[in-house]
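Taken in sequence, the protein lines are chains A and B. In terms of the working numbering, the first sequence is residues 88 to 681. In terms of the working numbering, the second sequence is residues 88 to 681.
2 protein chains.
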Amino acid sequence: MTTNEKIQALRQQMSKAKVDYYIVNTADPHQSEYLSEHFKERAWLTGFTGSAGTALVSKDQALVWADGRYFIQAAHQIEGSEFKLMKMATPGYPSLNEWLRQEVKAGEVVGLNEVSYSQRNFEFLAQLLAPQEASVKALPSLIAPIWQDRPSMPEAKIFAHDLKFTGQEAKEKIARVREQMQADHAQANIVVGLDDIAWLYNYRGGDVANNPVALAFALITLDKAYLFIDEKKLSLEMNKIFSEQGITVLPYEQVSSVISQLKIDKIVLDKRLVNTKLYQAIPRETKILDKPSYVMQNKACLNPVELENQKKAYVRDSAAVTRYLFWLKREVEAGEVNEWSAAEKLHEFRSQGEHFLDESFTSISAYGPNAAMMHYAPTAEKFSKMEAKSFYLIDSGGQYYDGTTDITRTIALGSLTEEEKTDFTLTLKSHINLARAIFLAGSTGTQLDILAREPLWRHFMDYKCGTGHGVGYVLGVHEGPQRFSTAPSSVALKEGMHITIEPGVYKEGKHGIRLENDYVVAYAGENPPDRFLKLEVMSYVPLDNEAILPELLSDEEIEWLNDYHRAVLEKLMPYMTTDAEKSDLEAACRPLSK
Amino acid sequence: MTTNEKIQALRQQMSKAKVDYYIVNTADPHQSEYLSEHFKERAWLTGFTGSAGTALVSKDQALVWADGRYFIQAAHQIEGSEFKLMKMATPGYPSLNEWLRQEVKAGEVVGLNEVSYSQRNFEFLAQLLAPQEASVKALPSLIAPIWQDRPSMPEAKIFAHDLKFTGQEAKEKIARVREQMQADHAQANIVVGLDDIAWLYNYRGGDVANNPVALAFALITLDKAYLFIDEKKLSLEMNKIFSEQGITVLPYEQVSSVISQLKIDKIVLDKRLVNTKLYQAIPRETKILDKPSYVMQNKACLNPVELENQKKAYVRDSAAVTRYLFWLKREVEAGEVNEWSAAEKLHEFRSQGEHFLDESFTSISAYGPNAAMMHYAPTAEKFSKMEAKSFYLIDSGGQYYDGTTDITRTIALGSLTEEEKTDFTLTLKSHINLARAIFLAGSTGTQLDILAREPLWRHFMDYKCGTGHGVGYVLGVHEGPQRFSTAPSSVALKEGMHITIEPGVYKEGKHGIRLENDYVVAYAGENPPDRFLKLEVMSYVPLDNEAILPELLSDEEIEWLNDYHRAVLEKLMPYMTTDAEKSDLEAACRPLSK
Numbered sequence: 088m089t090t091n092e093k094i095q096a097l098r099q100q101m102s103k104a105k106v107d108y109y110i111v112n113t114a115d116p117h118q119s120e121y122l123s124e125h126f127k128e129r130a131w132l133t134g135f136t137g138s139a140g141t142a143l144v145s146k147d148q149a150l151v152w153a154d155g156r157y158f159i160q161a162a163h164q165i166e167g168s169e170f171k172l173m174k175m176a177t178p179g180y181p182s183l184n185e186w187l188r189q190e191v192k193a194g195e196v197v198g199l200n201e202v203s204y205s206q207r208n209f210e211f212l213a214q215l216l217a218p219q220e221a222s223v224k225a226l227p228s229l230i231a232p233i234w235q236d237r238p239s240m241p242e243a244k245i246f247a248h249d250l251k252f253t254g255q256e257a258k259e260k261i262a263r264v265r266e267q268m269q270a271d272h273a274q275a276n277i278v279v280g281l282d283d284i285a286w287l288y289n290y291r292g293g294d295v296a297n298n299p300v301a302l303a304f305a306l307i308t309l310d311k312a313y314l315f316i317d318e319k320k321l322s323l324e325m326n327k328i329f330s331e332q333g334i335t336v337l338p339y340e341q342v343s344s345v346i347s348q349l350k351i352d353k354i355v356l357d358k359r360l361v362n363t364k365l366y367q368a369i370p371r372e373t374k375i376l377d378k379p380s381y382v383m384q385n386k387a388c389l390n391p392v393e394l395e396n397q398k399k400a401y402v403r404d405s406a407a408v409t410r411y412l413f414w415l416k417r418e419v420e421a422g423e424v425n426e427w428s429a430a431e432k433l434h435e436f437r438s439q440g441e442h443f444l445d446e447s448f449t450s451i452s453a454y455g456p457n458a459a460m461m462h463y464a465p466t467a468e469k470f471s472k473m474e475a476k477s478f479y480l481i482d483s484g485g486q487y488y489d490g491t492t493d494i495t496r497t498i499a500l501g502s503l504t505e506e507e508k509t510d511f512t513l514t515l516k517s518h519i520n521l522a523r524a525i526f527l528a529g530s531t532g533t534q535l536d537i538l539a540r541e542p543l544w545r546h547f548m549d550y551k552c553g554t555g556h557g558v559g560y561v562l563g564v565h566e567g568p569q570r571f572s573t574a575p576s577s578v579a580l581k582e583g584m585h586i587t588i589e590p591g592v593y594k595e596g597k598h599g600i601r602l603e604n605d606y607v608v609a610y611a612g613e614n615p616p617d618r619f620l621k622l623e624v625m626s627y628v629p630l631d632n633e634a635i636l637p638e639l640l641s642d643e644e645i646e647w648l649n650d651y652h653r654a655v656l657e658k659l660m661p662y663m664t665t666d667a668e669k670s671d672l673e674a675a676c677r678p679l680s681k
Numbered sequence: 088m089t090t091n092e093k094i095q096a097l098r099q100q101m102s103k104a105k106v107d108y109y110i111v112n113t114a115d116p117h118q119s120e121y122l123s124e125h126f127k128e129r130a131w132l133t134g135f136t137g138s139a140g141t142a143l144v145s146k147d148q149a150l151v152w153a154d155g156r157y158f159i160q161a162a163h164q165i166e167g168s169e170f171k172l173m174k175m176a177t178p179g180y181p182s183l184n185e186w187l188r189q190e191v192k193a194g195e196v197v198g199l200n201e202v203s204y205s206q207r208n209f210e211f212l213a214q215l216l217a218p219q220e221a222s223v224k225a226l227p228s229l230i231a232p233i234w235q236d237r238p239s240m241p242e243a244k245i246f247a248h249d250l251k252f253t254g255q256e257a258k259e260k261i262a263r264v265r266e267q268m269q270a271d272h273a274q275a276n277i278v279v280g281l282d283d284i285a286w287l288y289n290y291r292g293g294d295v296a297n298n299p300v301a302l303a304f305a306l307i308t309l310d311k312a313y314l315f316i317d318e319k320k321l322s323l324e325m326n327k328i329f330s331e332q333g334i335t336v337l338p339y340e341q342v343s344s345v346i347s348q349l350k351i352d353k354i355v356l357d358k359r360l361v362n363t364k365l366y367q368a369i370p371r372e373t374k375i376l377d378k379p380s381y382v383m384q385n386k387a388c389l390n391p392v393e394l395e396n397q398k399k400a401y402v403r404d405s406a407a408v409t410r411y412l413f414w415l416k417r418e419v420e421a422g423e424v425n426e427w428s429a430a431e432k433l434h435e436f437r438s439q440g441e442h443f444l445d446e447s448f449t450s451i452s453a454y455g456p457n458a459a460m461m462h463y464a465p466t467a468e469k470f471s472k473m474e475a476k477s478f479y480l481i482d483s484g485g486q487y488y489d490g491t492t493d494i495t496r497t498i499a500l501g502s503l504t505e506e507e508k509t510d511f512t513l514t515l516k517s518h519i520n521l522a523r524a525i526f527l528a529g530s531t532g533t534q535l536d537i538l539a540r541e542p543l544w545r546h547f548m549d550y551k552c553g554t555g556h557g558v559g560y561v562l563g564v565h566e567g568p569q570r571f572s573t574a575p576s577s578v579a580l581k582e583g584m585h586i587t588i589e590p591g592v593y594k595e596g597k598h599g600i601r602l603e604n605d606y607v608v609a610y611a612g613e614n615p616p617d618r619f620l621k622l623e624v625m626s627y628v629p630l631d632n633e634a635i636l637p638e639l640l641s642d643e644e645i646e647w648l649n650d651y652h653r654a655v656l657e658k659l660m661p662y663m664t665t666d667a668e669k670s671d672l673e674a675a676c677r678p679l680s681k
């Protein structure tokens, strides 16, 4: 089918369903960051394959909204079709909401997919359109009947995450949720996030690339703990484990009907995650308490066993990245290497390590000006060749049985300009200034964020993204609620939270520099009644001394850097396999002075 | 009347008014920070004279809530009466709201003064008590009929604030408000804040100590600009000026009746400021738009004329404070000086300068451990004598025709301990770290606050107050909306905003150190589309070199300090009147090095 044929087929479905507009968003029934192929309805309909975007079709219009990362790609991919590109956050282009406010008339109906819209977003849209007396209708997908070669639902087997990795049995985690429910006078809790469910029930899956989760819902009541999942994904062994932990397994599709039969006074859920179909299945008389997921809160602070494992995973991952960077510097000098082949080589180094599962996301392997595009990734077909000059940026991570990692290094492949060295050193200052912070317990990532930005602002440079994000444990590489960002947040940083620091300098057409380490929030000291926290580093990969101008660093910054390299040397030396690697490590970790 | 007689008399009024509880808060009809004597109902009733606190009387109870600053004073002042002290933020003592939730029963009525409660607080209380089916009633003061020797309403004359100080005529300021009203589709705006009204209509008054304001309301409609004020306060000249500016003067008491006769569709007001009596006067059919005062926003950024004046006022004020500190150091060595006599002397130095009106607040003149109490102030009866050792802290400010100032210095009166020097130097680091910030336009004081705190947090010390506050222009010494604080705020810092930086170290029984300068937000540079701002210093008083340990400062901090002292020397030298002062200034401004 061509795109225009798809649009016509959708319009027929819309006419049958009696809707005047139909929105196709980019989401699965769990509001996951990464979607399995089965749920990519917007990409199928429009031909535009970016990771974010929203399409809208009416009787006579077909529009697709995309953000700045994708203007060029989207325009190219929808070319020749009826779809018109709507550039997000661009003057002259209304947002989807503004468009709906302008165009939708009294009595008209806007349709959307009942499982890909969260209840929160559905309510927002209904409120938005109420003043113009238009309505919003959540429906079974109108794409489903017309998408003929649709990929099937993923069917990867799940596996148990052993107690030596989790530190806590599923039944204890469930008991804690029940305590939280009871404190809120509720008798049930719907758990929707795939990461939350995998963590709660101590399993991992393979349904989504780079994210060891499985499509599932969970429902906790005072006496039952349900897991709704395709039973084909469970081995006999897994069934036995769940049974021992008091977990009742039912088919994925049954979640709505089980919820509709609940006979309870109050249910807790997170409207940002629960889809409209699930929400509407809740019996009318049941009170609903909308609050951030208990499990998300519970898993945000690593327990001692998780933390010990996570630290070990970081050391192994750091060794792989460090060996890769040594290899790369030699290879670039020697001859033929490009962004794509290099990323493949990094995979090889990682997969040699213990407990390796997968990458935690598609590596950003970017040479020279490509690195100025924050979300650049080479493909097997499209990549740049590297030369023995300027910067190479590699942002990558691993999934291991004992942890999830995320690290970025920018390295000199040869001689650098003064501007390149200055920007690298300022990025380093920015990183260190946040990394060495001591802060009052209760402080938020919003408060701390400026410690990283100010050293760059001082030189009239800002990076247009957050400073750092939370990381899951053998789960999503982006997991909240903690983060470093200018966006207001009331989430306090707590001991055991895993968070990245990744400031950068991005100069279009020139270079991109990002230096990312991962940290765990740790106790620093106290002065009763005040307690103070710090960030304890977990990543150990040398920061490229060849790109640093020591005269731009303060004494404290040089001390931080030398301490860091001393720790890198100590942690990584056992993993160096050749004399060349050993001497490279020693050279990379030599102390700097002004 | 004794306190208990007052309580009995109030209970009779309560019985007549059919209320079961009566709240006496600390406020005037404008929610002013400082009250004129006429409005101090809570102090009259309870005998407790602190600047904050709330009393509640029921048939069989009499309670007064006070905060930590006043536990000792309040307990002493209510001793022997029926009043019981309720310690705020102290375990075992419910807050007023918690107490009401626990004690008030269905059908009961809580009364309060209709002019001292803001509509926002009234609505909050009504919502709080709704679940227990109790009600809140805003009434004419029940204290008024029983307070026999009540001070009359203040009657100070107002005076015109000339164009050379204001930079903008009142009619232009009024026109701007009308534009803002029209953008909000409103036809009227009630202005309640005494500072807002004085600024809007370009006058100043003398009704409140330290604050050159007059009791008044303003109402702007599309064709009228009303000033409700006691006409005795106006000279013929002032009447003429108001008439030229299109301002209609009416008696203070007529504001409610004029509002009740408005025939408009929509009115704008700030519920945090409008009292319940005014609010209830608004005709039922009028739509109400509740938003922060336009005038507060408009006056927050000084115009070029205001800024130029404000800077001049700071230089003169700095000269007075500097000469005072030089005098004090000599006087302490010579013999007899105490906190109270010293503060009197500071007044003398200030009042010698041009354009002096008043102090901007009661000076905090605190020696040794007294300075650890953040809000300490000596009186003519109770003060400490100073000795030639340890620290003296002076936090003071002036009101001038051309500006309002606020500055704190802590100085060594003789030899210091290592701990005193360390704490002083860390406070200085904290101050400098925020003072030298460069920040992206749009940043808030909440984001910047940590730049001052982190250098102290690093040593496990925190100050339990904001880092800085806005200052009015020939108005309140505390004026928003800008501030530096950990409390969340969405108010962006903008060019022309006047703000203090005043971190401190407070060690009970030992010493208190605070270093406060005032700054104006200024343009720093740009990197399109990003604009960057900085803080430009306006206060020029030496920072006591004798208390600094240079080895604790970074190179950048020493550079900032030496640059600052170079500027102090240049600005103040013309104001030094004797050779001794001149050589003191030179010594105080000598450059430091590690």
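No residue lacks a Cβ here, since even glycine has one placed at the ideal position from N, Cα and C.
What residues in its chain sit with their C-beta under 8 angstroms from that of Pro299(B), if we drop five residues either side in the sequence?
Numbered from its first residue, the second sequence carries residue 299(B) at position 212. Cβ neighbours of Pro299(B) beyond the five flanking positions: Ala285, Arg291, Gly292, Gly293, Leu444, Asp445, Gln486, Val561 and Leu562.
Against chain A, which members of the region 500 to 529 of chain B pass a CB distance test of less than 8 angstroms?
Going along the region 500 to 529 of chain B in chain order, one finds Ala524, Ile525, Phe526 and Leu527 with a Cβ nearer than 8 angstroms to chain A.
Through-space distance from Phe126(A) to Lys244(A), alpha-carbon basis:
Taking the first residue of the first sequence as 1, we reach residue 244(A) at position 157. Taking the first residue of the first sequence as 1, we reach residue 126(A) at position 39. Cα to Cα, Lys244(A) sits roughly 19 angstroms from Phe126(A).
In whole angstroms, what is the alpha-carbon distance linking Glu435(A) and Asn297(A)?
Within the first sequence, numbered from 1, the residue matching residue 435(A) stands at position 348. Within the first sequence, numbered from 1, the residue matching residue 297(A) stands at position 210. Distance between the alpha carbons of Glu435(A) and Asn297(A): 16 angstroms.
Spatially closest choice to Ile588(A) from Ser577(A), Lys594(A) and Gln569(A), by CA coordinates
Along the first sequence, one-based indexing puts residue 588(A) at 501. Per the Cα distances, Gln569(A).
Is it true that the CB of Leu356(A) sits closer than 8 angstroms to the CB of Thr373(A)?
The residue labelled residue 373(A) in the question sits at position 286 within the first sequence. The residue labelled residue 356(A) in the question sits at position 269 within the first sequence. It is not a contact, given that the beta carbons lie outside the stated cut-off.
What number of angstroms, rounded off, separates the C-alpha of Met663(A) from the C-alpha of Gly501(A)?
For the purposes of this step, residue 663(A) is taken as the residue at position 576 of the first sequence. For the purposes of this step, residue 501(A) is taken as the residue at position 414 of the first sequence. Rounded to whole angstroms, Met663(A) to Gly501(A) spans 23 angstroms at the Cα level.
Taking the straight line between their C-alpha atoms, what separation do you get for Phe158(B) and Asp282(B)?
Looking up residue 158(B) in the second sequence gives position 71. Looking up residue 282(B) in the second sequence gives position 195. Each residue's Cα considered, the two are about 31 angstroms apart.
Quick one: does Pro575(B) have its CB under 8 angstroms from some CB of chain A?
Within the second sequence, the letter at position 488 stands for residue 575(B). So, interface residue.
Going along chain B, which residues have a C-beta under 7 angstroms from Leu602(A)?
Taking the first residue of the first sequence as 1, we reach residue 602(A) at position 515. Those within 7 angstroms of Leu602(A) in chain B number zero; the least Cβ separation is about 20 angstroms.
Measuring only from the beta carbon, is Gly179(A) closer than 7 angstroms to any heavy atom that is part of the ligand PLP?
With respect to the ligand PLP, the structure shown offers nothing to examine, as it has no ligands at all.
With distances taken between CB atoms, is the gap from Ser228(A) to Gln118(A) smaller than 8 angstroms?
Here the question's residue 228(A) lines up with position 141 in the first sequence. Here the question's residue 118(A) lines up with position 31 in the first sequence. No.
Output yes if chain A places a C-beta closer than 8 angstroms to the C-beta of Gln439(B); else output no.
Within the second sequence, the letter at position 352 stands for residue 439(B). So, not an interface residue.
If Pro238(B) and Gln100(B) are in contact, beta carbons under 8 angstroms, what's the gap, nearest whole angstrom?
Reading the second sequence from its first residue, position 151 is the one you call residue 238(B). Reading the second sequence from its first residue, position 13 is the one you call residue 100(B). Contact flag wrong, Cβ pair sits at about 20 angstroms.
Listing by chain order, which chain B residues have their CB less than 8 angstroms from the CB of Phe619(A)?
As a first step, residue 619(A) is located in the first sequence; it is residue number 532 there, counting from the start. Near Phe619(A) (Cβ distances below 8 angstroms), the residues of chain B are Trp544 and Phe547.
Just reading off the beta strand (DSSP E) that Ser483(A) is part of, what are its end residues?
The residue given as residue 483(A) occupies position 396 in the first sequence. From DSSP, the beta strand (DSSP E) with Ser483(A) extends over Phe478 to Ser483.
Looking at the C-beta of Leu622(B), does it have a partner C-beta in chain A at a distance below 8 angstroms?
As a position in the second sequence, residue 622(B) is number 535, starting the count at 1. Judged by the 8 angstroms Cβ criterion, Leu622(B) is not in contact with chain A.
Beta strand (DSSP E) runs contained entirely in the region 542 to 602 of chain B, provided each spans 3 or more residues
As far as the region 542 to 602 of chain B is concerned, its whole beta strand (DSSP E) runs of at least 3 residues are 585 to 588, 591 to 594 and 598 to 601.
Taking the alpha-carbon of Leu132(A) as reference, which of Gly155(A), Pro370(A) and Glu92(A) has the nearest alpha-carbon?
Taking the first residue of the first sequence as position 1, residue 132(A) is located at position 45. The shortest Cα separation from Leu132(A) among Gly155(A), Pro370(A) and Glu92(A) belongs to Glu92(A).
Please list the segments of the beta strand (DSSP E) lying wholly inside the region 306 to 386 of chain A, counting only runs of 3 or more residues, in order along the chain.
312 to 315, 334 to 337, 353 to 356 and 374 to 377
Check whether the region 664 to 678 of chain B and the region 640 to 653 of chain B are in contact - that is, three or more C-beta pairs closer than 8 angstroms.
yes
8 angstroms Cβ cutoff met for Leu321(A) and Ala303(A):
Position 234 of the first sequence, counted from the start, is the residue given in the question as residue 321(A). Position 216 of the first sequence, counted from the start, is the residue given in the question as residue 303(A). No, these two residues do not count as a Cβ contact at 8 angstroms.
Could you tell me which of Thr492(B), Ala193(B) and Gly612(B) sits nearest to Glu566(B), measuring between CA atoms?
If you number the second sequence from 1, residue 566(B) lands on position 479. If we check each option's Cα against that of Glu566(B), Thr492(B) comes out closest.
Beta bridge counterpart(s) of Gly490(A) as assigned by DSSP:
Walking along the first sequence from the start, residue 490(A) turns up at place 403. In DSSP, Gly490(A) forms a bridge with Tyr487(A).
Let's see if you can read the secondary structure: which residues bound the alpha helix (DSSP H) around Arg403(B)?
Position 316 of the second sequence, counted from the first residue, corresponds to residue 403(B). Per DSSP, Arg403(B) belongs to the alpha helix (DSSP H) from Pro391 to Ala421.
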